[in-house]
Structure formats: structure tokens, C-alpha cells
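K.L.:
Here it is, the structure in full.
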Amino acid sequence: MAQPPENIPILELRNVSKNFALTAALSDISWRVKAGEVHAVVGENGAGKSTLIKIITGVHQPDSGEVLVEGKKVTIQNTQVAQQLGIAAIFQEPMVFPDLDVAENIFISHRKMGAVMNWRKLYADAELLIDRIGVTLDVRRAASGLTLAEQQTVEIARALSLNVKVLIMDEPTASLSAHEVDRLMAIVAALKERGVAVIYISHRLDEVFRIADRVTVLRDGRHISTNDVALVTETSMIKDMVGRAIDQFALKKVANDHGDKVLSVKNLGRENIYEDISFDLHRGEVLCFAGLIGSKRTDIGLALFGVQPAQAGTIEVGGVPSTITNPKEAMALGIAYVSEDRRKLGLAMTMPIFANASLPSLKKFLSHLGMIDHNAEYAMADNYRTQLAIRSPNVNIDVGKLSGGNQQKVMLAKWLETHPRILILDEPTRGVDVGAKAEVHNIIRDLAKQGVAVIVISSDLPEVLALADRILVMREGRQMGIFDIANASQENVMALATGQSKPRVAA
Amino acid sequence: MMLKSETQSWKTATFFFFKSWEGLLVIILAIILSANMFLVPQFLTLQNQINLFQLSNEKIIVALAMTFIIISAEIDLSVASVMGLSACAFAYLVQGGMPAGVAIVICLFVGAAAGAINAFWIAYIGIPSLVVTLAMLIGFRGLARVLLEDKGIGNFPEWVNALGRDGFIGPFPLAFIVFVILLIIFGITLHRTGFGRQVYVIGNNADVARYSGVNVVRIRSILFIMSGTVSALAGLFYAARLASVRGDAANGFELDIITMVLLGGVSIFGGKGSMLGVLLSILIVLNLRNGMALENITGHIQTAVIGILLISSVLIPNLIENLRISNPTKKKTISVSGE
Amino acid sequence: MMMILLRRLHPQTLRVLALALVLVLVILFFSSQIDNYFSPRMLNRIATSAAVILPIAIGQALVVITRNVDLSVGSLVGIVAYLIGDFLGKHQGLDPFSTLVLALSLGGICGAINGTLVAYGRVPSIIATLGTLALFRTFLVEYSGARTITTESLPPWIVEFPQAVLFSIGNFEVRAMVVIALVAALIFGLALSKLRLVRKLYAVGSNPDAAVMSGINSKRVVFMAFVLSGVLAGLSGLIFLAKFGNITVVAGLGFELKSIAAVVVGGVNIFGGSGTILGVLFGTILVDTIDNSLTRWAVVSEFWRDALLGMLILTAVAADTFMARSFVRMKRKNALKPKTLPPEIRNGK
Numbered sequence: 007m008a009q010p011p012e013n014i015p016i017l018e019l020r021n022v023s024k025n026f027a028l029t030a031a032l033s034d035i036s037w038r039v040k041a042g043e044v045h046a047v048v049g050e051n052g053a054g055k056s057t058l059i060k061i062i063t064g065v066h067q068p069d070s071g072e073v074l075v076e077g078k079k080v081t082i083q084n085t086q087v088a089q090q091l092g093i094a095a096i097f098q099e100p101m102v103f104p105d106l107d108v109a110e111n112i113f114i115s116h117r118k119m120g121a122v123m124n125w126r127k128l129y130a131d132a133e134l135l136i137d138r139i140g141v142t143l144d145v146r147r148a149a150s151g152l153t154l155a156e157q158q159t160v161e162i163a164r165a166l167s168l169n170v171k172v173l174i175m176d177e178p179t180a181s182l183s184a185h186e187v188d189r190l191m192a193i194v195a196a197l198k199e200r201g202v203a204v205i206y207i208s209h210r211l212d213e214v215f216r217i218a219d220r221v222t223v224l225r226d227g228r229h230i231s232t233n234d235v236a237l238v239t240e241t242s243m244i245k246d247m248v249g250r251a252i253d254q255f256a257l258k259k260v261a262n263d264h265g266d267k268v269l270s271v272k273n274l275g276r277e278n279i280y281e282d283i284s285f286d287l288h289r290g291e292v293l294c295f296a297g298l299i300g301s302k303r304t305d306i307g308l309a310l311f312g313v314q315p316a317q318a319g320t321i322e323v324g325g326v327p328s329t330i331t332n333p334k335e336a337m338a339l340g341i342a343y344v345s346e347d348r349r350k351l352g353l354a355m356t357m358p359i360f361a362n363a364s365l366p367s368l369k370k371f372l373s374h375l376g377m378i379d380h381n382a383e384y385a386m387a388d389n390y391r392t393q394l395a396i397r398s399p400n401v402n403i404d405v406g407k408l409s410g411g412n413q414q415k416v417m418l419a420k421w422l423e424t425h426p427r428i429l430i431l432d433e434p435t436r437g438v439d440v441g442a443k444a445e446v447h448n449i450i451r452d453l454a455k456q457g458v459a460v461i462v463i464s465s466d467l468p469e470v471l472a473l474a475d476r477i478l479v480m481r482e483g484r485q486m487g488i489f490d491i492a493n494a495s496q497e498n499v500m501a502l503a504t505g506q507s508k509p510r511v512a513a
Numbered sequence: 030m031m032l033k034s035e036t037q038s039w040k041t042a043t044f045f046f047f048k049s050w051e052g053l054l055v056i057i058l059a060i061i062l063s064a065n066m067f068l069v070p071q072f073l074t075l076q077n078q079i080n081l082f083q084l085s086n087e088k089i090i091v092a093l094a095m096t097f098i099i100i101s102a103e104i105d106l107s108v109a110s111v112m113g114l115s116a117c118a119f120a121y122l123v124q125g126g127m128p129a130g131v132a133i134v135i136c137l138f139v140g141a142a143a144g145a146i147n148a149f150w151i152a153y154i155g156i157p158s159l160v161v162t163l164a165m166l167i168g169f170r171g172l173a174r175v176l177l178e179d180k181g182i183g184n185f186p187e188w189v190n191a192l193g194r195d196g197f198i199g200p201f202p203l204a205f206i207v208f209v210i211l212l213i214i215f216g217i218t219l220h221r222t223g224f225g226r227q228v229y230v231i232g233n234n235a236d237v238a239r240y241s242g243v244n245v246v247r248i249r250s251i252l253f254i255m256s257g258t259v260s261a262l263a264g265l266f267y268a269a270r271l272a273s274v275r276g277d278a279a280n281g282f283e284l285d286i287i288t289m290v291l292l293g294g295v296s297i298f299g300g301k302g303s304m305l306g307v308l309l310s311i312l313i314v315l316n317l318r319n320g321m322a323l324e325n326i327t328g329h330i331q332t333a334v335i336g337i338l339l340i341s342s343v344l345i346p347n348l349i350e351n352l353r354i355s356n357p358t359k360k361k362t363i364s365v366s367g368e
Numbered sequence: 003m004m005m006i007l008l009r010r011l012h013p014q015t016l017r018v019l020a021l022a023l024v025l026v027l028v029i030l031f032f033s034s035q036i037d038n039y040f041s042p043r044m045l046n047r048i049a050t051s052a053a054v055i056l057p058i059a060i061g062q063a064l065v066v067i068t069r070n071v072d073l074s075v076g077s078l079v080g081i082v083a084y085l086i087g088d089f090l091g092k093h094q095g096l097d098p099f100s101t102l103v104l105a106l107s108l109g110g111i112c113g114a115i116n117g118t119l120v121a122y123g124r125v126p127s128i129i130a131t132l133g134t135l136a137l138f139r140t141f142l143v144e145y146s147g148a149r150t151i152t153t154e155s156l157p158p159w160i161v162e163f164p165q166a167v168l169f170s171i172g173n174f175e176v177r178a179m180v181v182i183a184l185v186a187a188l189i190f191g192l193a194l195s196k197l198r199l200v201r202k203l204y205a206v207g208s209n210p211d212a213a214v215m216s217g218i219n220s221k222r223v224v225f226m227a228f229v230l231s232g233v234l235a236g237l238s239g240l241i242f243l244a245k246f247g248n249i250t251v252v253a254g255l256g257f258e259l260k261s262i263a264a265v266v267v268g269g270v271n272i273f274g275g276s277g278t279i280l281g282v283l284f285g286t287i288l289v290d291t292i293d294n295s296l297t298r299w300a301v302v303s304e305f306w307r308d309a310l311l312g313m314l315i316l317t318a319v320a321a322d323t324f325m326a327r328s329f330v331r332m333k334r335k336n337a338l339k340p341k342t343l344p345p346e347i348r349n350g351k
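Pasting the structure below:
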């Protein structure tokens with residue numbers, strides 16, 4: 007691949023601005039990306055990262071300013087043009103065609119392939135590309151059966167096949183296991199070797215330090231800083247992101263005193279998913295489920311909430327043996343489940359905050375004949391707005407217009423209003439910015455203090471260590487062990503989660 | 030989404046009303062009414078106003094039920110066939126010597142059963158309502174034809190014909206009174222009750238509803254059984270009004286019914302819409318048809334106008350949005366993480 | 003044994019095989035019920051009636067693969083049959099080839115209207131085509147002024163065309179009409195597996211967001227699907243005209259339902275993204291076999307046809323749904339077996 011002269015950036019934005027009626031905008035961004043560098047972009051939600059990507063990939067057009075590729079001014083009207091310019095993007099949710107096989111997924115939009123498909127050549131070329139990435143993947147398999155990591159591989163192969171010069175990766179590791187992250191990092195390094203500029207967007211600062219050469223911080227649609235990674239610290243980066251210093255993770259050293267046993271799970275199992283899960287949960291206790299993606303932690307949450315009932319084992323809630331076959335029964339027992347997927351399972355995005363907040367406890371707001379007492383409902387939601395610091399002028403706003411962190415708080419409000427005895431939080435801070443993350447953590451601690459028994463399912467190990475009284479580690483549907491927080495460390499939890507050490511008896 | 034009011038203040042609320050879909054409908058209705066009054070002298074007579082409703086009374090009753098179905102992000106294409114089935118079953122039973130009163134009750138149960146069949150496949154098995162009700166559009170119509178083959182059956186008891194023909198309270202026929210009662214009940218149910226709220230949430234995102242403890246299967250079942258029953262009732266009114274039934278009774282009515290609902294601002298993707306909008310669009314469609322009929326425009330052209338209205342009710346908001354946003358590709362919903 | 007078969011075969015292939023089996027069973031059933039079922043007459047009757055439906059079923063499949071639906075095809079068949087018949091009545095000298103081109107273009111233009119509304123106007127296809135279903139039919143009614151096209155007004159070549167026999171297999175005469183429909187199926191079957199442009203139909207239906215992000219012009223692809231559906235409806239219209247000769251304004255009424263039945267029964271996923279022309283061919287034959295056999299079956303009234311057609315569609319979709327679910331379950335079972343990563347991946351290279 008021909009390299010442009012050293013001093014000409016492969017991609018440059020000059021004074022780019024973009025305004026929307028409702029969502030985050032970009033103002034006056036000037037920014038350069040060099041060939042062969044991994045350039046991380048960080049910032050809180052709403053900082054303008056997504057808008058930036060959309061402008062580079064031609065999904066949006068800037069209102070003013072110019073975009074230059076290899077020193078030449080370009081107008082990227084749509085994604086096809088971006089592709090021709092050698093710009094490709096890989097998103098957190100991989101963009102594959104489930105009904106097509108791997109090879110066709112890679113080459114579907116290729117002009118070079120000609121009008122008539124030559125299937126044999128297609129498979130051979132695809133195999134070559136997949137080999138070059140350094141993984142094994144049957145190119146004849148339908149994409150519907152691929153894991154997320156495999157789907158990402160397909161996307162990377164697609165980008166490579168297009169001789170991509172600028173590859174944007176938007177939160178590529180959000181749903182990957184540790185192994186898969188390692189593999190992805192290796193691929194990124196290889197791309198860099200080939201002179202590809204990788205724009206790497208991530209909430210995980212450790213990853214930024216691990217692979218990025220330079221890092222750019224955006225805040226409120228403005229370009230705050232661009233530095234060599236060697237010259238910044240985590241603290242300075244966070245300060246740039248939020249505009250103030252934050253004591254991010256106060257490590258919890260001592261477990262809370264906790265009260266009576268509210269939940270007792272014994273030998274829980276579901277065919278082919280998980281088996282032999284046993285634990286107790288007490289009033290005022292925070293129990294964290296740690297493990298890699300795919301370790302079936304969420305499935306335990308779904309079983310306790312009755313969405314996907316367990317097939318074996320017993321559940322005792324407050325000392326009473328209970329069978330939970332649907333969410334309604336779970337709620338009647340005082341169990342609440344805050345899903346990891348806000349968009350698909352958590353909130354009705356085009357409905358206002360108050361309607362979302364009252365949904366699970368709607369019965370409370372019904373007067374005679376099933377009429378909704380709107381005033382009471384509204385007052386309740388508004389109360390949570392102040393209590394949880396939901397940043398919104400009132401509770402009439404559609405939740406879809408809020409940032410990720412505020413949406414997460416609406417989810418919490420919705421379930422707190424059911425006054426649960428047992429609150430299950432599934433990845434409560436995924437896609438939530440640093441500032442809001444600390445706030446969510448504080449809310450969780452307060453709840454525990456008030457006597458709620460909390461289960462937190464999280465892939466974020468620092469978060470687990472900051473919140474938990476006890477940690478249950480899972481791996482591939484099996485319970486590997488339970489730690490008291492006093493005995494837990496990043497290393498011993500990880501060793502169990504990855505299977506490097508043997509399962510241990512509950513502490 | 031720009032059209033929606035975001036503030037509680039009444040002053041701005043009235044301002045937004047005229048920028049909202051309902052506001053637009055009021056304006057369109059006003060234009061049609063004035064045009065009709067200007068063009069057709071007998072337009073404002075009571076008899077014409079009653080006629081205007083009477084000719085479409087069955088459709089507008091079903092439109093009320095359809096509003097619930099579409100807000101819950103489903104569709105029921107089988108309503109006209111259920112109307113036909115109920116009308117044919119009534120004719121068949123009465124001809125077989127059954128008292129009309131008993132036949133009416135049985136026909137309502139037939140409608141509920143038809144709705145329950147839809148509900149079973151849609152709510153319990155999980156097959157999309159578009160496919161199920163399309164199959165049942167054919168299936169129920171087929172059953173109606175099985176009952177009457179190619180005969181036309183009339184000779185209903187005189188009181189049945191009278192119900193369809195004459196005023197029940199004053200000059201208002203029973204079907205019209207039933208429409209008004211259902212409008213009030215359905216309007217309150219949709220906008221003021223917990224059930225209505227749950228219907229909106231299901232239309233917005235059924236998984237969110239399920240994860241919030243809403244019994245989605247039950248609510249969907251209720252809606253389709255309700256739709257079937259209401260359609261059967263409408264079919265009976267149709268039979269009574271025409272005093273004779275053939276196998277193709279009410280054939281193709283689903284087009285008009287769905288048009289009324291969508292023109293009323295109910296989103297085909299669910300979760301959005303109001304009874305007020307549907308009422309306004311019913312008035313628009315009826316007055317338009319009535320005006321055209323009085324101007325001696327044939328039924329087929331009227332159907333074409335309805336077809337154009339149906340397409341425009343979705344196309345025009347889209348075009349306006351396109352104009353507002355310089356680049357049309359922008360609106361594409363692409364889920365990009367982060368924001 | 004069954005498991006090996008299930009794992010080896012692509013689910014689509016399996017689906018077509020199951021359909022073929024059902025078709026054989028249905029034929030065997032009716033042959034035991036109806037005297038002289040395997041007569042050339044019966045076969046011809048089924049074949050010619052399927053020949054009218056097959057092109058619109060193919061067109062419907064193309065549209066359904068992109069996650070849309072075309073409810074206007076019945077009205078399109080009516081328009082093309084009537085207008086071409088009318089035109090031939092006035093221009094007796096028009097040769098068969100020009101007539102074909104004319105019919106296909108007329109269908110294509112109408113299809114383009116649908117395509118524009120759906121792809122560029124962003125009107126959901128069910129609404130757009132429900133509207134044009136009414137509009138096209140109204141146009142036909144108004145244009146015709148209740149006149150009927152009769153065989154007498156048509157040039158002789160088209161009147162004789164339905165009887166044209168290309169070759170015979172035993173007693174069964176293969177009519178030119180049937181061959182034309184099959185050729186259309188062959189062309190589109192090949193196009194769907196070979197042409198990159200046409201493969202994009204699957205891509206768009208399979209994941210519309212991904213299609214946009216990978217640089218596919220989804221709007222153009224959806225537009226193309228509707229135009230092709232219109233063109234194929236044009237072909238159906240012409241075959242319809244030739245077959246019946248006498249055309250009224252109700253020509254093709256309800257064909258949209260038959261085409262959807264054929265497509266759904268033929269295993270095209272109603273959610274888009276998958277389906278084969280071979281499946282559609284079997285689906286069409288099955289629907290028409292049942293349809294034509296019922297009229298000859300003494301046990302039940304022929305009025306049961308529609309009721310049974312409705313049940314057939316539902317059964318097919320239900321079967322697909324259950325198959326898909328058990329397939330997913332099976333896959334999960336296999337996926338759970340602990341996989342050891344190859345060393346080169348484990349070490350991050």
C-alpha cells in the first residue's frame with residue numbers, strides 16, 4: 007500500500023461542526039489521524055464520539071468545516087463513498103447478514119467481484135483473508151451461528167478486503183471475553199503494521215493504554231486534547247473527559263454487616279446452560295456475579311426473575327420455597343431485575359420518563375375502574391428525578407432522548423418504585439460514562455445500606471471489587487467459587503473466571 | 030417526533046395542537062366540510078348527516094378496535110372476513126329456523142372464537158400477526174362462502190331489518206349509538222387506564238413490557254378476541270342494514286378500516302396514536318365519501334381516493350421530514366453504541 | 003441418522019425436501035379420492051393454472067426476501083391482461099415478442115410506482131401496496147367502462163397460444179405457456195444464486211442496517227425488487243390473457259393472496275433474508291394442486307378451497323417457526339461443548 011508522505015495525515019477534520027435539534031453536536035472540531043497509528047477517542051456519553059464517526063463514515067454530513075483524506079478535500083455523502091475512500095467502521099453490534107455465509111458477508115458489496123458470482127473464487131479469497139487475520143473460521147458457515155467475536159472477525163475481513171486505510175472501531179470489546187479481547191488486540195496490532203490508521207473508541211481506559219499510540223478526548227462536542235498515550239495518565243484523561251477530577255473506584259475493603267437471609271439458591275440448573283449454582287443472599291448485602299461474557303451469569307438473573315425459569319434446583323425467598331415462572335411472580339416475591347440491554351429490554355424509548363418509571367408498579371397508581379392517577383404517577387417520577395439526579399428538565403421527556411447514564415437511572419427508578427427486597431442489576435454501568443458510573447455506584451451502596459439485597463452482574467472487575475461484599479465467579483455455566491471481599495483480588499477472581507485455577511468450595 | 034408537544038403549559042399546548050397531526054386533521058376536516066357545504070346544498074340536512082354515518086357505520090365501529098391493535102404494533106387483516114363470516118353465519122342460522130336473538134349471540138361467539146384463533150397463533154405461538162391474519166382473511170372468508178355457497182340469503186325477522194334501517198333513539202340507528210358508546214369506552218380505556226398504558230408499551234417494545242411484568246400474551250389475546258367480537262358485531266349490523274347477505278359480504282373493508290386508523294395518526298409501527306385522531310380521520314373519510322357521492326362520483330373513484338389518502342398519510346409526514354433534514358439518509362436508524 | 007441428516011443439510015434444503023414430500027403425499031391422497039386423477043387433462047389443468055401464478059409468486063418472493071410485501075400484484079395482473087388485450091384488439095398486427103416486451107414494461111412501470119413509494123417515500127410496503135391495490139383496480143374499472151375483452155377481438159396467435167404444445171412426455175403435453183413460466187423460474191433461480199446485484203436482495207432483507215453500513219444502496223435494491231415484481235406480474239398478466247381470452251375488470255382479483263400463499267408455503271422467510279425459487283415453484287404447485295383437486299373432489303364442497311388455503315398458509319408458517327426454533331436449540335446444544343481455542347488464537351496471534 008502506498009504510504010502518503012509523513013506529514014500529510016491520512017484523515018483530517020478542519021473546523022467541523024454539526025448541530026442537531028436534540029442530540030449532541032460537534033462544534034469546531036479540528037483533528038488529524040496519521041497512517042499506521044492507533045488513535046483512541048474517549049469521552050463521556052454525549053461527548054460527540056458517535057457523531058464524529060457518523061461524519062467520517064458518511065452517515066451524517068457536517069454543517070460546516072471540511073474533511074480531508076490524504077490531504078485532499080472530500081465530501082462523504084454516504085457510506086459507499088466512505089468505502090471508496092478506504093474508510094470502514096466496526097460497531098459494537100456487528101453488522102453482519104445472518105442469512106448469508108461468511109464469505110458472502112465479506113464480499114457482498116464488492117464491485118471488484120464482478121456481476122456474476124464465482125463461488126469457488128469467493129470462498130478461496132475469503133479463506134485467504136481470514137487466514138491473514140490469523141484465525142480459523144469456516145467461510146461456508148452461515149453468519150447466524152457465529153459468536154460476536156467471530157462476527158467481528160468477518161467485519162474486519164470485510165474491511166481488509168476493501169484495502170481499508172482508516173478503520174474505525176466503536177467499542178469493539180464491549181461484549182467480548184478476555185480471550186477474544188486479546189485476539190482483537192493482536193489483530194489491531196497487525197493492522198497497524200500494515201499502515202492502517204485505527205480509530206479506537208472505547209470506554210475502557212485500560213484498553214486505550216494497552217494499544218493506542220495517541221488519545222483524543224472529546225467533551226460536550228468539543229475537542230479537548232490529543233496526546234501521546236505515553237504522556238497521559240488515567241487521572242488526567244478522566245479529568246479531561248469530565249472536566250473535573252474524580253475518585254473513580256474507591257476500593258471496598260470491608261464487607262457490610264448484613265442481616266437475615268432473603269434468598270437461598272441451591273443446585274440451580276438449566277439444561278445445557280448452567281448447572282449446580284448455589285448461594286445465599288442477605289439483607290443489605292451486595293453479591294457480585296463475576297465472569298467472562300458467555301459464563302451464563304445473565305441466565306441466573308433471568309431464572310430468578312422468571313423470564314427463563316430454571317429446570318433444576320430450589321429457590322427460597324425469605325425462607326419460603328418458591329417457583330418463579332414469570333416476571334410477575336418474581337415481582338410479587340419482591341425481586342426486581344434491571345436488564346443489561348436498556349434499548350431492547352429495559353426502556354420504552356419513545357415513551358416519557360414518567361410512563362417508564364411507573365410501568366412495573368402501575369397497579370399502585372390505578373384508582374377505581376383501572377384509571378391511572380396521573381398526578382401521583384407524575385409526582386413519583388419527578389421525585390426520582392431529583393433523588394437520582396436524572397438530568398432532564400421534567401419527566402415528560404422521552405427516555406430515548408436521554409444519555410445512557412440518565413437512562414440507567416430511569417431504569418433504577420422504575421425498579422426502585424417496586425420497593426424490591428432483592429434487586430438484580432445486570433451490567434448496571436455498561437455504556438455509562440465515568441461520571442454517571444460513580445453516581446450509579448453510590449446509589450447501589452445506598453440501597454444496600456437501606457437493607458435491599460443486591461445482586462450485581464458485571465464484567466467490569468474494578469466495579470465488582472468496588473461494590474461487592476461477596477463475589478461469585480462463574481465460568482461456562484458453572485460456579486467456580488465465592489469470595490468474601492476481604493479475600494478477593496483482581497488476580498484470583500480472573501484466574502477462576504478464565505479457568506486457570508480450579509473451582510473452589512464456597513468461602 | 031418534532032410535532033409532539035414536550036411541555037405541560039397549556040398555552041404552548043394549544044400552540045402545539047395545531048402543529049400536531051390531530052391539528053392538521055382538524056384543518057383538513059374544516060376544509061372538506063366547507064367545500065361540501067358550498068358544493069352540495071343538502072349536505073347539512075340531518076338526513077344526510079345520518080346517512081353519512083349509516084353507510085359506513087360497520088367500518089367505523091371496527092376502526093375503533095383496529096386502533097388498539099395497531100397501537101400494540103400488530104395488525105388484523107381478517108376483520109372484514111370476520112364481519113362477513115358473522116353476517117353469513119347469522120343468515121345461515123336464521124334460515125335454518127333459529128330465533129334471530131339466539132343467532133346474534135352465537136355470531137358474537139363466532140367472532141370471539143375467530144379472534145381467539147388469531148390470538149392463539151399470534152400471542153401464544155408467536156407468528157407475526159400480518160401472516161396469521163392474512164391467512165385468516167382467506168380462511169374466514171372461505172368459511173363464510175362454505176356457509177352460503179353462492180346464494181344470497183335474506184328474509185330476516187322484521188325487527189332485525191328495522192334495527193338496521195330505522196332510528197333507534199330519535200333518528201339515530203342502533204349501530205350509530207353503539208359506535209358512540211364504544212368510542213367513549215375505548216377512548217377512556219386507551220388513554221386513561223392501566224390497560225391502555227400497557228397496550229402503548231407493548232406497541233413500543235413488547236420485550237420491555239414483558240420484562241416489566243406486563244402479561245403481554247394476555248393483553249394481545251384480549252385485543253384480538255376483542256377485535257374479532259367487535260367485527261362480528263359490525264357484521265351483524267351490516268347484515269341487518271342490507272337485510273340480505275351473500276358470501277362476499279364486507280369483502281375488502283379492511284382497506285377502509287386500516288386507512289381510517291392510519292390517517293388518524295396511529296403509527297403502523299405501534300406505540301403511537303390517539304382515539305381523537307382516529308375520530309377525526311373517520312369524520313374526514315366519511316365526509317369525503319359523502320361529498321363525492323352527492324357529487325355523483327362512483328364508488329370506485331371513492332376507493333381510489335381512500336387509497337391515495339392511505340398512502341399520503343404516511344408519505345407526506347415522511348416527505349416533510351425529508352425536507353426538514355437536508356440529507357435524507359440521515360434518518361436511517363443505525364444503532365451506534367455510545368449515545 | 004436423522005441428526006446427521008439435519009446437520010449436513012442446509013435448513014433451506016431441508017425445507018424444500020419437506021415441501022416436496024408434502025406435495026407427493028397430497029397428490030397420492032387425491033389420486034386415491036378422485037377417479038382418473040393422473041389423466042393428462044388433470045395434469046394440464048394444474049400446470050396451466052400454476053403457470054399463471056408462478057411468475058407473480060417469484061416476484062412476490064423477491065419482494066418478501068427484502069422484508070417487504072407486494073399486495074398489488076393481483077391488480078397488476080388485471081391491468082396488464084386488460085390493457086394488453088385492449089391494445090391487441092386495436093393493433094392486430096403486433097407480433098408476440100413486442101407484445102411480451104409491452105406487457106413486461108407495463109408491469110415494470112406499475113412496479114416502479116410501488117418501489118418509489120416504499121424505497122424512496124419510506125411508506126411501509128404493506129400500506130403502499132394496499133393503497134396501490136385499490137388504485138390500480140380503480141384505474142382499470144374506470145378505464146374499461148365495464149367493457150369486457152373477448153376472444154374475438156384478439157389476434158389469432160394469442161388465442162391459440164394456450165393450446166400450443168412444445169413437446170409431449172407420454173400422454174402429457176407440455177404447453178408453451180408452462181414452459182415460459184418455468185423459464186422465468188429458471189432465470190430468477192439462477193439470478194438469485196449467481197448475480198451479485200440480486201444477491202443483495204438477501205443482504206438487505208437479512209440485515210437492513212448492515213446493508214447500509216457495508217455500502218449497499220438498500221433503497222435501490224428494494225426499488226429493484228418491486229420493479230421485478232411488477233415485470234413478473236406483467237408476464238402473469240399476459241399468460242392470464244392468453245389462457246382466458248375473455249378479460250373483465252375483476253381479472254386477477256385475489257391473486258396477491260395466492261402469490262403470498264405460494265411464497266410462504268414455499269419456505270421463503272416472511273421476515274426476509276432467505277428463500278429459494280425452487281421452494282416457490284413447489285409452493286405454487288402445491289397450492290394449485292390443492293385448489294384444482296378440491297373442485298374435483300366430491301366429498302367436500304369446492305367452497306372449502308379458500309378456508310383450506312388459509313389453513314395451509316398458517317400451517318406452513320407454523321412449521322417454519324417450529325423448525326427454526328428446534329434448529330436454534332440444536333445449535334445451542336452443539337455450541338455448548340467446550341471448545342478449545344487453537345493455540346495461535348490463544349496466544350493472541
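Protein chains in written order, with this note's numbering: chain U, 7 to 513; chain R, 30 to 368; chain W, 3 to 351.
Heads up, the beta-carbon is just placed ideally off N, CA and C, and yes, glycines get one too.
(1) Can you pull the chain U residues whose beta carbon is under 7 Å from the beta carbon of W:Lys-359, in chain order?
(2) Verify the CB distance criterion: does W:Asp-211 have a CB-CB separation below 9 Å to chain U?
(3) Are the Cβ atoms of W:Ser-261 and W:Tyr-204 separated by less than 9 Å?
(4) Kindly indicate if chain W contains any beta-carbon less than 9 Å away from that of R:Ala-204.
(5) Run through DSSP, which three-state label would W:Leu-259 get?
(6) Which residues in the same chain have their Cβ closer than 7 Å to the Cβ of U:Asn-25, if we skip the five residues on either side of it in sequence?
(7) Closest to W:Val-75 by CA distance: which of W:Pro-164, W:Gly-236, W:Ser-195 and W:Leu-283 is it?
(8) Can you give me, in chain order, the residues of the region 409-443 of chain U that have a beta carbon less than 8 Å from any beta carbon in chain R?
(9) Where do the ends of the alpha helix (DSSP H) carrying R:Glu-87 lie?
(10) Pull up the distance between the alpha-carbon of W:Ala-20 and that of W:Val-319, whole angstroms please.
(11) Short check: CB of R:Ser-342 to CB of R:Ser-303, under 9 Å?
(12) Give a yes or no on whether the minimum CB-CB distance between W:Val-270 and chain R is below 9 Å.
(13) At what residues does the alpha helix (DSSP H) containing U:Lys-508 begin and finish?
(14) Quick check on R:Arg-247: buried or exposed, where buried means 16 or more other Cβ atoms within 10 Å of its Cβ?
(15) Compare the C-alpha of U:Ala-236 against each of U:Ile-244, U:Val-214 and U:Arg-228 and name the closest.
(16) Compare the C-alpha of U:Gly-437 against each of U:Thr-424, U:Ile-461, U:Val-458 and U:Asn-412 and name the closest.
P.N.:
With the structure as the only source:
(1) There is no way to answer for residue 359 of chain W, as the model of chain W reaches only from 3 to 351.
(2) yes
(3) no
(4) no
(5) helix
(6) Ala-31 and Asp-69
(7) W:Gly-236
(8) Ser-409, Gly-410, Lys-420 and Gly-437
(9) 86-100
(10) 13 Å
(11) no
(12) no
(13) It is not in any alpha helix (DSSP H) - U:Lys-508 carries neither H nor E in the DSSP assignment.
(14) exposed
(15) U:Val-214
(16) U:Asn-412
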